[in-house]
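Colleague: Chains as they are written, first to last, in this note's numbering: chain A, 236 to 631; chain B, 45 to 307.
(1) Note down, in chain order, every chain A residue with its Cβ under 7 Å from the Cβ of residue 295/B.
(2) Run through the segment 380-460 of chain A for me and flag every whole beta strand (DSSP E) of 3 or more residues, listed as ranges in chain order.
(3) Check the Cβ-Cβ distances between residue 48/B and every residue of chain A, and say whether any is below 8 Å.
(4) Can you tell me the Cβ-Cβ gap for residue 181/B and residue 126/B, rounded? I've got them flagged as a contact below 8 Å.
(5) Since residue 350/A meets chain B, which of its residues come closer than 8 Å, beta carbon to beta carbon?
(6) I need the boundaries of the beta strand (DSSP E) containing residue 308/B, first residue and last residue.
(7) Using CA atoms only, rank isn't needed, just tell me which of 159/B, 47/B, 161/B and 267/B is closest to residue 57/B.
(8) On the DSSP letters alone, give me the boundaries of the alpha helix (DSSP H) that residue 179/B sits inside.
(9) Curious, which full-length alpha helix (DSSP H) runs of at least 4 residues does the segment 171-239 of chain B contain?
(10) Which chain B residues are close to residue 621/A, counting only those with a beta carbon under 8 Å from its beta carbon?
(11) What span of residues does the beta strand (DSSP E) with residue 552/A cover, start to end?
(12) Please report the Cβ distance between residue 278/B and residue 248/B, rounded to the nearest whole angstrom; I am assuming they are in contact, meaning their Cβ atoms lie under 8 Å.
(13) Residue 46/B: which of 74/B, 273/B and 245/B sits nearest, CA to CA?
(14) Need the endpoints of the alpha helix (DSSP H) that residue 537/A sits in, please.
(15) Check the Cβ-Cβ distances between residue 487/A and every residue of chain B, and say whether any is below 8 Å.
(16) Could you check whether residue 219/B and residue 360/A sit closer than 8 Å to each other, using their CB atoms as the reference points?
(17) Which of helix, strand or coil does DSSP assign to residue 55/B?
(18) Between which two residues does the beta strand (DSSP E) carrying residue 294/B extend?
(19) Just checking my contact of residue 121/B with residue 166/B at CB under 8 Å: how many whole Å lie between their CB atoms?
(20) Could you list which residues in chain A have their beta carbon closer than 8 Å to that of residue 221/B, in chain order?
(21) Scan the segment 313-342 of chain A for residues whose Cβ lies nearer than 7 Å to a Cβ of chain B and list them as they occur along the chain.
(22) Less than 8 Å between the C-beta atoms of residue 310/A and residue 417/A, yes or no?
(23) Alpha carbons only, please: which of 335/A, 619/A, 443/A and 275/A is nearest the one belonging to residue 146/B?
(24) I want to verify the contact list: residues of chain B whose CB lies under 8 Å from the CB of residue 358/A, in sequence order.
(25) So which residues of chain B does residue 409/A contact, with C-beta pairs closer than 7 Å?
(26) Output yes or no for whether 8 Å exceeds the beta carbon distance between residue 97/B and residue 131/B.
(27) Along the chain, where does the alpha helix (DSSP H) that runs through residue 280/B open and close?
(28) In angstroms with no decimal places, state the Cα-to-Cα distance between residue 84/B and residue 394/A.
(29) On a Cα-Cα basis, can you pick out the residue from 483/A, 557/A and 528/A that is closest to residue 515/A?
(30) Could you give the C-beta distance for residue 604/A and residue 264/A, rounded to a whole number, given that I count them as a contact under 8 Å?
(31) Excluding sequence positions up to five away, which residues of its chain have a Cβ less than 7 Å from the Cβ of residue 594/A?
(32) Please report the residue range of the alpha helix (DSSP H) in which residue 336/A lies.
(33) Have a look at residue 552/A and residue 240/B and give me their C-alpha separation to the nearest angstrom.
(34) Using only CA atoms, which one of 601/A, 597/A, 581/A and 577/A lies nearest to residue 587/A?
(35) Residues in its own chain within less than 7 Å of residue 430/A by CB, not counting five upstream and five downstream?
(36) Quick check on residue 308/A: buried or exposed, where buried means 16 or more other Cβ atoms within 10 Å of its Cβ?
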């Protein structure tokens, strides 16, 4: 594929607000996980963003207020992102910039709160519950487009935990089809009772902070966060500073099971192989793979098998879920931004909380920081429903 | 963007598959709304068929008919699945459990609550490795989904299965997000028309809002407003007519224009 330029970007997660704080936490190996104490749920650990629930949205209709949009709004205000989008808007025109965002649960916390306050006679939600602008999946891109003053076509992608990775692919389709000149790509997912209790019901929440790739790993820590990039054709806008390039992608399905990955990893291998082909790269040309690495027994084993199948032990890899928890539909954009941070600063982080790498693993799993120039990073995301997305980013 | 329509499906009240719906939309047959009974999802193994609900069965029935008509292999085709409400019954059931003291969230319902569940079951049913995206775009789910599917067809230069489907939401959310009727439609879009193609579509996006075409008879216009997926009815009617014409569809923001030319 013809690479697309990333001309602005930002990230928000439990480890910090913005690129500098994120780089500090990754280099210091400082996790953002804390014991879960959310909406009365105290199972395991979470990667919670402080002040998300009290943040006041800027300059949009108040109906959009929900935890998911609060995270998105906090992210818009970081790293000069909103200003960078305004520069692009002045150049291209508001209607030539699209918004393509991923989320798995949007503002469902607002619906959960509404169910706690139903009218005892009619069973109706309280009047302040604005379903369309909070719980509905389309709430997120509608809010972000309004927040940034954009009028290009908008899209909400909801492919479970691969949502904001897959959003890159859908954004490219609109860009290459000529429907827009630039796209705000990314996503957000926020803590809620449904995911905390749902993953617990599946027996997938770790009692301790998650430890991806460890022999004794027992599951995920749920996290939350948001992130965005501005994606455009390189050289189309003079003065636009390129902070990284998106050079390849592969997307696939498992066609196997709703919530268990295919142990043979056929879908994951297909996605990673396609990403290499589209980037025109050999396996040896990658410097690091940011694993989906959720910390569940089956995901990490499947992914190790997939990575080893394509790369052997030649490319170091790790999961950053020990820092942020599993931010579900936001993990793709959050880890894409981590890739840009690593390429700029020249390091690859090792998995946190690992006492012993799973002895059955064959790929080259890092457990400590590797300081070296990092020019190309593959970033994986896999989701329920058997949906896979692998992205490759290149530094400048 | 120019794409060709190689296969179509429609299931809704009094619209039972494309051949039947086409006759109704052409005015050759009266529209007689009746409860929708889609064919069973025979592609799924018995276990999975038990686990999936009416929304997934609707999506799979649409996808099967469109693929069969187009003569494409279900396991090979990229998918764009669009639904505003997703599986509202599953979400309502989970929300009820969460707000009930001692209520337990069912693990099967939790994994069925993801918006890409119907897409996931479709790929499981055909052991497909082809990518499928799940979109949720509120009242504009049909139009945004069509714009996405056509762009993917052109840019990837490959056939794309586009499926739009929605059901009413039960429970408290259904009191504020009101959707009537079961409705869905599906299209197999291809970059170049093959033998048996139905029509070509030239699809453009315009920034301003344009009034939607109101060529539908009043009852069908009412149906089109009652369910996000039924936003496709004006386009379906134009295709069924066998005539050239331009259909305007509201999207967010702006308008999508689809110029229909029969093959």
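Positions of the beta carbon are idealized from the N, C-alpha and C atoms, including for glycine. Note that this is a predicted model, so its numbers are computed, not measured.
Modeller: Looking at the atomic coordinates:
(1) Translated into positions along the second chain, residue 295/B becomes position 251. Neighbours of residue 295/B on chain A, chain order: 388.
(2) 389-392 and 417-424
(3) Position 4 of the second chain, counted from the start, is the residue given in the question as residue 48/B. No, its Cβ sits nowhere closer than 8 Å to a Cβ of chain A.
(4) As a working mapping, residue 181/B is identified with position 137 in the second chain. As a working mapping, residue 126/B is identified with position 82 in the second chain. 7 Å between Cβ atoms; contact.
(5) Reading the first chain from its first residue, position 115 is the one you call residue 350/A. Taking a Cβ-Cβ threshold of 8 Å, the residues of chain B close to residue 350/A are 139, 140, 142, 143 and 216, in chain order.
(6) An answer regarding residue 308/B cannot be provided, because it is not within the stretch 45 to 307 covered by chain B.
(7) Position 13 of the second chain, counting from 1, holds the residue named residue 57/B. Just measuring C-alpha positions, the residue of 159/B, 47/B, 161/B and 267/B sitting nearest residue 57/B is 267/B.
(8) Here residue 179/B refers to the residue found at position 135 when the second chain is read from its first residue. Where residue 179/B is concerned, there is no enclosing alpha helix (DSSP H), although the beta strand (DSSP E) it sits in stretches over 176-179.
(9) 185-200 and 215-220
(10) Numbered from 1 along the first chain, position 386 holds the residue referred to as residue 621/A. Within chain B, the residues near residue 621/A are 164, 167 and 168.
(11) For the purposes of this step, residue 552/A is taken as residue 317 along the first chain, with counting starting at 1. Run containing residue 552/A: 551-553, per the beta strand (DSSP E) assignment.
(12) By one-based count along the second chain, residue 278/B stands at place 234. By one-based count along the second chain, residue 248/B stands at place 204. Rounded to the nearest angstrom, the Cβ distance from residue 278/B to residue 248/B is 16 Å, too far for a contact under 8 Å.
(13) Within the second chain, numbered from 1, the residue matching residue 46/B stands at position 2. The residue with the shortest Cα to Cα distance from residue 46/B is 245/B.
(14) The sequence position of residue 537/A within the first chain is 302, counting from 1. From DSSP, the alpha helix (DSSP H) with residue 537/A extends over 532-546.
(15) Taking the first chain and counting its residues from 1, one reaches residue 487/A at position 252. Yes - at least one Cβ of chain B is within 8 Å of the one on residue 487/A.
(16) Residue numbering aside, residue 360/A sits at position 125 when the first chain is read from its first letter. Residue numbering aside, residue 219/B sits at position 175 when the second chain is read from its first letter. Contact: yes.
(17) For the purposes of this step, residue 55/B is taken as the residue at position 11 of the second chain. Residue state, collapsed to three classes: strand.
(18) Along the second chain, one-based indexing puts residue 294/B at 250. Element bounds for residue 294/B: 289-294.
(19) Position 77 of the second chain, counted from the first residue, corresponds to residue 121/B. Position 122 of the second chain, counted from the first residue, corresponds to residue 166/B. Actually they are not in contact, since the Cβ atoms of residue 121/B and residue 166/B sit about 10 Å apart, beyond 8 Å.
(20) The residue labelled residue 221/B in the question sits at position 177 within the second chain. Within chain A, the residues near residue 221/B are 366, 367 and 371.
(21) 330 and 339
(22) Within the first chain, numbered from 1, the residue matching residue 310/A stands at position 75. Within the first chain, numbered from 1, the residue matching residue 417/A stands at position 182. Taking 8 Å as the Cβ cut-off, residue 310/A and residue 417/A do not qualify as a contacting pair.
(23) In the second chain, counting from the first residue as 1, residue 146/B sits at position 102. Of 335/A, 619/A, 443/A and 275/A, the residue nearest in Cα terms is 275/A.
(24) As a first step, residue 358/A is located in the first chain; it is residue number 123 there, counting from the start. Near residue 358/A (Cβ distances below 8 Å), the residues of chain B are 215, 216 and 219.
(25) One-based indexing of the first chain puts residue 409/A at position 174. What residue 409/A touches in chain B: 195.
(26) Numbered from its first residue, the second chain carries residue 97/B at position 53. Numbered from its first residue, the second chain carries residue 131/B at position 87. Contact: yes.
(27) Against the second chain, residue 280/B aligns to sequence position 236. Residue 280/B -> alpha helix (DSSP H) spans 277-285.
(28) Numbered from 1 along the second chain, position 40 holds the residue referred to as residue 84/B. Numbered from 1 along the first chain, position 159 holds the residue referred to as residue 394/A. Rounded to whole angstroms, residue 84/B to residue 394/A spans 25 Å at the Cα level.
(29) Numbered from 1 along the first chain, position 280 holds the residue referred to as residue 515/A. Minimum Cα-Cα distance from residue 515/A among the listed residues 483/A, 557/A and 528/A corresponds to 483/A.
(30) Within the first chain, the letter at position 369 stands for residue 604/A. Within the first chain, the letter at position 29 stands for residue 264/A. Right, their Cβ atoms sit about 7 Å apart.
(31) In the first chain, the residue the question calls residue 594/A occupies position 359. Within the same chain, residue 594/A has close Cβ partners 450.
(32) Along the first chain, one-based indexing puts residue 336/A at 101. That residue, residue 336/A, is in no alpha helix (DSSP H); its beta strand (DSSP E) goes 332-337.
(33) Stepping through the first chain from its first residue, residue 552/A is reached at position 317. Stepping through the second chain from its first residue, residue 240/B is reached at position 196. Distance between the alpha carbons of residue 552/A and residue 240/B is about 49 Å.
(34) Locating residue 587/A in the first chain gives position 352, where the first residue counts as 1. The shortest C-alpha separation from residue 587/A is found at 601/A.
(35) Locating residue 430/A in the first chain gives position 195, counting from the first residue. Excluding positions up to five away in sequence, the list reads 340, 457 and 563.
(36) Numbered from 1 along the first chain, position 73 holds the residue referred to as residue 308/A. Buried, because 16 or more other Cβ atoms sit within 10 Å of the Cβ of residue 308/A.
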